[in-house]
Amino acid sequence: MFSLDFLVDHFQVYLLLLLRLSGFIFTAPIFGERYIPPQVKVVLSLLLALFFYLFAVPQDAQLIHQPLPYWVLLIKEVVWGFLIGFACQLVFIGVQFSGQITGFQMGFGVVNVIDPQSGGQVSIISRLQYLLAVLIFLAMDGHHFLLQALASSFDLLPLGQIEFASAVGERLLRLTGGVFLIAVKIAAPVMVSLLLTSVALGILARTVPQMNVFIVGFPLKIGIGMIALACSLPVFYYLLSKIIAVMEHDVTGLITLFAG
-17 MFSLDFLVDH FQVYLLLLLR LSGFIFTAPI FGERYIPPQV KVVLSLLLAL FFYLFAVPQD
43 AQLIHQPLPY WVLLIKEVVW GFLIGFACQL VFIGVQFSGQ ITGFQMGFGV VNVIDPQSGG
103 QVSIISRLQY LLAVLIFLAM DGHHFLLQAL ASSFDLLPLG QIEFASAVGE RLLRLTGGVF
163 LIAVKIAAPV MVSLLLTSVA LGILARTVPQ MNVFIVGFPL KIGIGMIALA CSLPVFYYLL
223 SKIIAVMEHD VTGLITLFAG
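Take the sequence shown: its letters are residues -17 to 242, numbered as in this note's numbering.
Here is the structure:
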C-alpha cells in the first residue's frame, strides 16, 4: 500500500509537470492552433505529462522541498510554458506579418480571410505564407524539436526551480523585436519588385498623361506581385529554414536562462 504522503508528493510533482506542459501546448506552434479543440489539447497535455513523468523527469524530483508556497510554484510553471511556447510562435507571427505587408502592397488590403489561429481577418497572402511556414516547420522536424525542448527542460530546470531573471525579459524583448526583421526579410523580394513597378508606373504617368495609371496599375501590381511571390518561394524556404534553426538555438538558450 502506498502511504498518503507518497501519493500526495507524486501528485504534486505531476501537477507541476502538467501545468508546465499545458502552458506550452496552448501557445506553441502546431499544438496551440485555435482550430484544435481545447479538449484535444487538454488530453494531449495529460498524456504528455504522464509520459514525461514516467520517462523524463529525474527520480530526485519525486519530492518537492521548496520555501515558496506550492501555488507560487504552479504559477511559475504555467508562465514558463506560456513564455517558451510564445517564443517558438514568434517565427510564425513574423511570417504572417510579412504576408500582411506583401498583401497590402499588392492591393489585397480589402481581400481578407478569417484566420483560425487568431480569430481575426488577415490577408490571403498572410494565410498562404503561414501554411507554407507550417509545412516547412514540419518538414524540418520542428515538432520533434518542441518535444525535445520540453524533455531537456526537466534536466536544465527541475520542477519548482524556475527563476525569472532579468536576462529572461531582455532575451524575450530581443526575440519579439526580431519579428519585424523576419517580416522584412521574407517580404523583401516582393516589396522590391512592387517598388520597381511603382517607379515604372510613375514614369509612365509623366510620359503618357492620358493613361489612367490607377486602372492599369491595380491589376499590374497584383500580377507582378504573384509572379514575384512564386519566384521567391526558394528564397522563402531558404530564409525560413535558417530562421527556424536560429529560433531553435534561441529557445534552447532561453530555457537555460530560467535556471537563474
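Note that the Cβ used here is the ideal one computed from N, Cα and C, for glycine as well.
Quantities reported herein were computed from a predicted structural model and do not represent experimental measurements.
Taking 9 Å as the threshold (C-beta atoms), are residue j and residue i in contact?
| i | j | result |
| --- | --- | --- |
| cysteine 70 | leucine 128 | yes |
| methionine 122 | serine 223 | yes |
| serine 180 | glycine 199 | yes |
| leucine 32 | tyrosine -4 | yes |
| valine 22 | threonine 84 | no |
| glutamine 155 | tryptophan 62 | Reading off the sequence shown, one finds leucine at residue 155, where the question assumed glutamine. Taking 9 Å as the Cβ cut-off, leucine 155 and tryptophan 62 do not qualify as a contacting pair. |
| isoleucine 226 | valine 116 | no |
| leucine 65 | glycine 5 | yes |
| glutamine 111 | glycine 81 | yes |
| methionine 193 | leucine 202 | no |
| glutamate 243 | phenylalanine 240 | Outside the displayed range of the chain (-17 to 242) lies residue 243, so it cannot be described from this structure. |
| valine 166 | glycine 184 | no |
| leucine 114 | leucine -11 | no |
Rounding to the nearest angstrom, what Cα-Cα distance links residue i and residue j in this structure?
| i | j | result |
| --- | --- | --- |
| alanine 149 | threonine 234 | 14 Å |
| serine 108 | phenylalanine -7 | 44 Å |
| threonine 9 | leucine 26 | 13 Å |
| isoleucine 106 | phenylalanine 74 | 15 Å |
| valine 104 | phenylalanine 79 | 9 Å |
| proline 191 | isoleucine 197 | 13 Å |
| leucine 210 | methionine 229 | Leucine is not the amino acid found at residue 210; the sequence shown has alanine there. Taking the straight line joining both Cα atoms gives about 27 Å. |
| proline 20 | glycine 14 | 9 Å |
| phenylalanine 37 | glutamine 130 | 13 Å |
| leucine 177 | glycine 124 | 34 Å |
| phenylalanine 86 | arginine 16 | 25 Å |
| isoleucine 118 | leucine 56 | 34 Å |
| aspartate 137 | phenylalanine 162 | 33 Å |
| threonine 189 | isoleucine 204 | 23 Å |
| isoleucine 168 | aspartate 232 | 19 Å |
| leucine 72 | aspartate -9 | 36 Å |
Which residue's Cα is closest to the Cα of residue i: the options?
| i | options | result |
| --- | --- | --- |
| tyrosine 52 | Asp137, Ala10 and Leu(-1) | Leu(-1) |
| glycine 67 | Leu3, Gly76 and Val104 | Leu3 |
| alanine 147 | Lys58, Ala165 and Gly207 | Lys58 |
| isoleucine 206 | Ala182, Val190 and Thr189 | Ala182 |
| leucine 132 | Asp(-9), Leu1, Leu(-11) and Val(-10) | Leu1 |
| valine 54 | Tyr17, Leu141 and Val77 | Leu141 |
| leucine 236 | Ala170, Glu152, Glu15 and Leu(-11) | Glu152 |
| isoleucine 164 | Tyr220, Gln130 and His126 | Tyr220 |
| tyrosine 35 | Lys167, Ser135 and Phe240 | Ser135 |
| valine 24 | Tyr17, Glu15, Ile7 and Arg16 | Ile7 |
| threonine 158 | Ile18, Val60 and Gly76 | Gly76 |
| phenylalanine 90 | Asp232, Met208 and Phe162 | Met208 |
| threonine 238 | Gln143, Ala169 and Ile18 | Gln143 |
Classify residue i as helix, strand or coil using the three-state DSSP reduction.
| i | result |
| --- | --- |
| serine 214 | coil |
| valine 228 | helix |
| valine 104 | strand |
| phenylalanine 162 | helix |
| alanine 170 | helix |
| tyrosine 35 | helix |
| threonine 234 | helix |
| leucine 138 | helix |
| threonine 84 | helix |
| arginine 16 | coil |
| threonine 9 | coil |
Using only the heavy atoms of the ligand NAP, determine whether one of them is closer than 8 Å to the beta carbon of residue i.
| i | result |
| --- | --- |
| leucine 56 | Annotation note on the ligand NAP: not contained in the displayed structure, which lists no ligands. |
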